[in-house]
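Engineer:
There are 2 protein chains.
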Amino acid sequence: MSLSQLEYFVVVAEEEHLSRAAKRLHVSQPPLTRQIRALEDELETKLFERTPRGMRLLPTGVRLLEHARGILNAVERARMDLRVGLPRDPAR
Amino acid sequence: MSLSQLEYFVVVAEEEHLSRAAKRLHVSQPPLTRQIRALEDELETKLFERTPRGMRLLPTGVRLLEHARGILNAVERARMDLRVGLPRDPAR
DNA sequence: GCGATCCAATACCTTTTTCGCATCGTCCCA
DNA sequence: TGGGACGATGCGAAAAAGGTATTGGATCGC
Chain W
1 MSLSQLEYFV
11 VVAEEEHLSR
21 AAKRLHVSQP
31 PLTRQIRALE
41 DELETKLFER
51 TPRGMRLLPT
61 GVRLLEHARG
71 ILNAVERARM
81 DLRVGLPRDP
91 AR
Chain F
101 MSLSQLEYFV
111 VVAEEEHLSR
121 AAKRLHVSQP
131 PLTRQIRALE
141 DELETKLFER
151 TPRGMRLLPT
161 GVRLLEHARG
171 ILNAVERARM
181 DLRVGLPRDP
191 AR
């Protein structure tokens, strides 16, 4: 599980569509297919149901989506917090 | 910033020593040097002070350490939560 | 039914990243 | 001043990620 896989996963989950997600992520569709599949393989769970219209989240996917957003937000908070010169508690 | 970089960082911070950290992580020392440096480069901050005895966390590093542990714990919780068969709320 | 269309999946190759081994430079101490 | 213990660096190999082209399959319009 990598952070980019989680980013990919979140966008695919939001778009319910690999090609649109790929466009949003500025990558091509095949890597997305592979990374999503790699995620499913590693977690030993299907995250999406493949339909002729696109990808629909399965219940396990919904659960991962919450986790993934939390993790990515935490990463973003860390980045913000470390931004040079920013004191620990600017209000004090 | 990648999850493995954060794992590396946490262990180096705990050991205050690249070679010992490398042993714990089952990698060799050079990749550790490089990944830590890559992290510092990306965050545009020094995380460790290099001493003849090893590596000592700088204040920014201490801050990142808290974030890193939180993120890695969140990842671990996600993994646990997705483990097959585990219902959402086993108590109900 | 049948071709066109729109999906995701696969094959194949290229590029990027990561890793390990060997070695270096530096500092400290006996 | 020589040896030992650090982290840093050079370099070639291995692994991971990405891109283009293509395939397979389901649906829709005619």
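So the protein sequences, as listed, match chains W and F.
Here the first sequence is numbered in the numbering used here, starting from 1 and rising by one per residue.
Here the second sequence is numbered in the numbering used here, starting from 101 and rising by one per residue.
Positions of the beta carbon are idealized from the N, C-alpha and C atoms, including for glycine.
Just verifying my parser: in three-state terms, what is the DSSP assignment at Glu-16(W)?
Structural biologist: Here residue 16(W) refers to the residue found at position 16 when the first sequence is read from its first residue. Coil at Glu-16(W), not helix or strand.
Engineer: Can you tell which of Arg-20(W), Arg-69(W), Arg-53(W) and Met-80(W) has the C-alpha that lies nearest to the C-alpha of Gln-97(W)?
Structural biologist: In the structure as shown, chain W starts at 1 and stops at 92, and residue 97(W) therefore has no counterpart that could be examined.
Engineer: For Glu-116(F) versus Arg-150(F), is the C-beta distance shorter than 8 Å?
Structural biologist: Mapped onto the second sequence, residue 116(F) falls at position 16. Mapped onto the second sequence, residue 150(F) falls at position 50. In this structure, Arg-150(F) does not lie closer than 8 Å to Glu-116(F) by Cβ.
Engineer: Does His-167(F) have its Cβ less than 8 Å from a Cβ in chain W?
Structural biologist: Counted from its first residue, the second sequence places residue 167(F) at position 67. Output row for His-167(F): interface = yes.
Engineer: Any contact between the region 35-43 of chain W and the region 128-137 of chain F? By contact I mean 3 or more CB pairs, one from each, below 8 Å.
Structural biologist: No, the region 35-43 of chain W does not touch the region 128-137 of chain F.
Engineer: Looking at the C-beta of Val-111(F), does it have a partner C-beta in chain W at a distance below 8 Å?
Structural biologist: By 1-based counting over the second sequence, the position of residue 111(F) is 11. Judged by the 8 Å Cβ criterion, Val-111(F) is not in contact with chain W.
Engineer: Does Arg-163(F) get closer than 8 Å to chain W when you measure Cβ to Cβ?
Structural biologist: As a position in the second sequence, residue 163(F) is number 63, starting the count at 1. So yes, Arg-163(F) belongs to the interface.
Engineer: Using 7 Å as the cut-off, classify the Cβ of Leu-157(F) as near or not near the heavy atoms of the ligand NAP, replying yes or no.
Structural biologist: Absence of the ligand NAP from the depicted structure is noted, as is the absence of any ligand whatsoever, leaving it without description.
Engineer: Thinking C-beta only, is Leu-182(F) closer than 8 Å to Thr-60(W)?
Structural biologist: For this step, residue 60(W) is matched to residue 60 along the first sequence. For this step, residue 182(F) is matched to residue 82 along the second sequence. A contact, by the Cβ cut-off of 8 Å.
Engineer: Report yes or no: is there a C-beta of chain F within less than 8 Å of the C-beta of Met-55(W)?
Structural biologist: For this step, residue 55(W) is matched to residue 55 along the first sequence. Not an interface residue.
Engineer: Give me, in chain order, the residues of the same chain whose beta-carbon lies closer than 8 Å to that of Leu-172(F); leave out the 5 immediate sequence neighbours on both sides.
Structural biologist: The count along the second sequence starts at 1 and reaches residue 172(F) at position 72. The residues are Leu-103, Leu-106, Glu-107 and Val-110.
Engineer: Would you list, in chain order, the members of the region 27-57 of chain W that have their beta-carbon closer than 8 Å to a beta-carbon of chain F?
Structural biologist: For the region 27-57 of chain W, which is checked against every Cβ of chain F, the residues closer than 8 Å are Leu-43, Glu-44 and Thr-45.
Engineer: Give a yes or no on whether the minimum CB-CB distance between Leu-3(W) and chain F is below 8 Å.
Structural biologist: Translated into the one-based positions of the first sequence, residue 3(W) becomes position 3. So yes, Leu-3(W) belongs to the interface.
Engineer: Quick one: Cα of Gly-54(W) to Cα of Gln-29(W), how far?
Structural biologist: Counting from one through the first sequence, the residue named residue 54(W) turns up at place 54. Counting from one through the first sequence, the residue named residue 29(W) turns up at place 29. About 12 Å.
Engineer: Between the alpha carbons of Ala-178(F) and His-167(F), how many angstroms are there, rounded?
Structural biologist: On the second sequence, residue 178(F) is found 78 positions in, with the first residue counted as 1. On the second sequence, residue 167(F) is found 67 positions in, with the first residue counted as 1. Rounded to whole angstroms, Ala-178(F) to His-167(F) spans 17 Å at the Cα level.
Engineer: Using DSSP with H/G/I as helix, E/B as strand and the rest coil, what is Leu-158(F)?
Structural biologist: Position 58 of the second sequence, counted from the start, is the residue given in the question as residue 158(F). Leu-158(F) falls in the coil class under three-state DSSP.
Engineer: Give the secondary structure of Arg-69(W) by DSSP, where H, G and I count as helix, E and B as strand, and everything else as coil.
Structural biologist: Start at 1 with the first residue of the first sequence, and residue 69(W) comes out as number 69. The answer is helix: DSSP assigns Arg-69(W) an H, G or I state.
Engineer: Indicate whether at least one CB of chain W lies closer than 8 Å to the CB of Leu-182(F).
Structural biologist: Residue 182(F) sits at position 82 when you count from the first residue of the second sequence. Chain W, which has a Cβ nearer than 8 Å to the Cβ of Leu-182(F), makes this yes.
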